[in-house]
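Quick note on numbering: the sequence shown equals residues 12 to 308 in the numbering used here.
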Amino acid sequence: MKKLPDLEAWAIFAKVAKTGSFAKTAAELSLSQASVSKAITRLEKRMNTMLFHRTSRRMSLTETGYIALERASLILEESEALEEEVTEQSSKPCGLIRLTAPMSFGIKHMAPLLPKFMLDNPEVSLDIEFSDDLIDVVANRFDIALRISNLVDSSLLARRLCTVRLLLVGAPDYFKRYGRPYHPRDLVEHRMLQYAYPPRHMWRFRHEEHGEVTQSIESMFKVNNAEALNFPLHAGLGLALQPEFLVQQEIETGVLETVMNDWSVDPITLYIVTPPGRRRPKRVQVLIDYFVECFAN
12 MKKLPDLEAW AIFAKVAKTG SFAKTAAELS LSQASVSKAI TRLEKRMNTM
62 LFHRTSRRMS LTETGYIALE RASLILEESE ALEEEVTEQS SKPCGLIRLT
112 APMSFGIKHM APLLPKFMLD NPEVSLDIEF SDDLIDVVAN RFDIALRISN
162 LVDSSLLARR LCTVRLLLVG APDYFKRYGR PYHPRDLVEH RMLQYAYPPR
212 HMWRFRHEEH GEVTQSIESM FKVNNAEALN FPLHAGLGLA LQPEFLVQQE
262 IETGVLETVM NDWSVDPITL YIVTPPGRRR PKRVQVLIDY FVECFAN
């Protein structure tokens, strides 16, 4: 009769590979050091090969050990996911969700949605990082990332949430001093403010009658946070291309005004992305569904 896989021994093996020590592994798993040693010996006898190089000072994986670790890690992850999935079917969402989003959008539009989600799911906890840097979702072990029109890593699983218009805006005081542009070519005569990430030196405009025009932009002020552009904008220092969600209130109150309204630029797209190759825990899927419902409006 063929022997069944020894998942417990493989779990111990993976932990030893991580800690580099029988003693540390035994302490972390609440086992005796002898039990850890026996599990590794059992695997090596079964595989008829050495998994570790052992010396009096250190342990290291053999070449076969590295191969075994890669495969064992996948099997253990799937085993853990299976148990979690079966358990979740009859339970409420619970556990930690790690989430990252762009700074301005996250603070202004995502953060206000989260209290209701947490009230509806009291056993879920959130660890949130707002950043305009393109964070490595996999390496930093995030469950969810909100991204705006920048999906560099094609291995990520992406779902479109919504599109956001970009508006060319300025303060009334600016227009009194410098006048208004009516065509993309007019922008070379104006003082321009720009969000610095990702860098955009060429702006592409579209018009129903005149077609497409691409205009080179020289900015006198650049900053790596879109919301920070509102300060020089309000002071009348220049014009900026801003997401509608950041300037809508200022436009409604007259603090800022739009120009070149008969010209449009490509809208930005908001995506929700998740790491590849991993089953989504119930808590993560529930939050994704919540965001989809909220941003559909």
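Just so you know, even glycine gets a beta-carbon here, dropped at the ideal spot from N, CA and C.
*Beta carbon of Val-135, beta carbon of Gly-106: below 8 Å?*
Here residue 135 is taken as the residue at index 124 of the sequence shown, counted from 1. Here residue 106 is taken as the residue at index 95 of the sequence shown, counted from 1. Between Val-135 and Gly-106, the CB-CB gap stays under 8 Å.
Since Ser-275 sits in a beta bridge, which residues does DSSP pair it with?
Along the sequence shown, read from residue 1 onward, the residue named residue 275 stands at position 264. Within the DSSP secondary-structure output, Ser-275 pairs in a beta bridge with Arg-217.
*Decide if Pro-16 is buried, meaning its Cβ has at least 16 other Cβ atoms within 10 Å, or exposed.*
As a first step, residue 16 is located in the sequence shown; it is residue number 5 there, counting from the start. Its Cβ having fewer than 16 others within 10 Å, Pro-16 is exposed.
Enumerate, from N- to C-terminal direction, the unbroken alpha helix (DSSP H) stretches of 4 or more residues contained entirely within the stretch 92 to 131. Counting only runs of 4 or more residues that sit fully inside the stretch 92 to 131, the alpha helix (DSSP H) segments are 125 to 131, in chain order.
Does the Cβ of Ser-67 have 16 or more other Cβ atoms within 10 Å, making it buried, or fewer, making it exposed?
In the sequence shown, counting from the first residue as 1, residue 67 sits at position 56. Around the CB of Ser-67, fewer than 16 other CB atoms lie within 10 Å, so the residue is classed as exposed.
Which partner residues of Glu-238 appear in the DSSP bridge assignment?
Translated into the one-based positions of the sequence shown, residue 238 becomes position 227. In DSSP, Glu-238 forms no bridge with anything.
Check your understanding: Nearest CA to the CA of Leu-137: which residue from Leu-18, Glu-81, Arg-188 and Arg-109?
Key -> Position 126 of the sequence shown holds residue 137. Its Cα nearest to that of Leu-137, the residue Arg-109 stands out among Leu-18, Glu-81, Arg-188 and Arg-109.
One question on the structure: do Ala-207 and Lys-233 come within less than 8 Å of each other, judged by their Cβ atoms?
Residue mapping note: residue 207 aligns to position 196 of the sequence shown, counting from 1. Residue mapping note: residue 233 aligns to position 222 of the sequence shown, counting from 1. If you check the CB distance, Ala-207 and Lys-233 come in under 8 Å.
(request) Please report the residue range of the beta strand (DSSP E) in which Val-180 lies. (result) Stepping through the sequence shown from its first residue, residue 180 is reached at position 169. Run containing Val-180: 177 to 181, per the beta strand (DSSP E) assignment.
Taking the alpha carbon of Arg-82 as the reference point, which residue from Ala-28, Gln-296 and Phe-141 has its own alpha carbon closest?
On the sequence shown, residue 82 is found 71 positions in, with the first residue counted as 1. Checking every option, the nearest Cα to that of Arg-82 belongs to Ala-28.
- Got a sec? Which residues, its chain only, sit under 8 Å from Ser-90 by beta carbon, not counting five neighbours each side? The residue given as residue 90 occupies position 79 in the sequence shown. Contacts found: Leu-18.
| Taking the C-alpha atoms as reference points, what is the distance between His-212 and Lys-187? | The residue labelled residue 212 in the question sits at position 201 within the sequence shown. The residue labelled residue 187 in the question sits at position 176 within the sequence shown. Approximately 26 Å, taken between the alpha carbons.
**Asked** Considering only residues of the same chain and omitting the five flanking positions on each side of Ile-228, which have a CB-CB separation below 8 Å?
**Response** Your numbering for residue 228 matches position 217 in the sequence shown. Contacts found: Leu-198, Met-203, Gln-205, Arg-211, His-212, Met-213 and Trp-214.
* Asked: Which residue's Cα is closest to the Cα of Pro-287: Ala-156, Gln-44, Arg-65 and Ser-160?
  -> As a working mapping, residue 287 is identified with position 276 in the sequence shown. Closest by alpha carbon: Ala-156.
Discussion item. Is the beta carbon of Val-180 closer than 8 Å to that of Leu-244?
Written reply: By 1-based counting over the sequence shown, the position of residue 244 is 233. By 1-based counting over the sequence shown, the position of residue 180 is 169. By the CB criterion at 8 Å, Leu-244 and Val-180 fall inside the cutoff.
* To do: Enumerate in chain order the residues of its own chain whose CB-to-CB distance from Arg-330 is below 6 Å, with the five nearest sequence positions on each side excluded.
  => With the chain represented from 12 up to 308, any question about residue 330 goes unanswered, as that position is not in the structure.
- Work out the CA separation of Asp-300 and Ile-86 for me, nearest whole Å. Position 75 of the sequence shown, counted from the first residue, corresponds to residue 86. Position 289 of the sequence shown, counted from the first residue, corresponds to residue 300. Taking the straight line from one Cα to the other gives about 28 Å.
- Kindly indicate which residue of Lys-293, Glu-263, Ala-239 and Phe-256 has the alpha-carbon position closest to the one of Pro-278. Numbered from 1 along the sequence shown, position 267 holds the residue referred to as residue 278. Here the closest residue by C-alpha is Phe-256.
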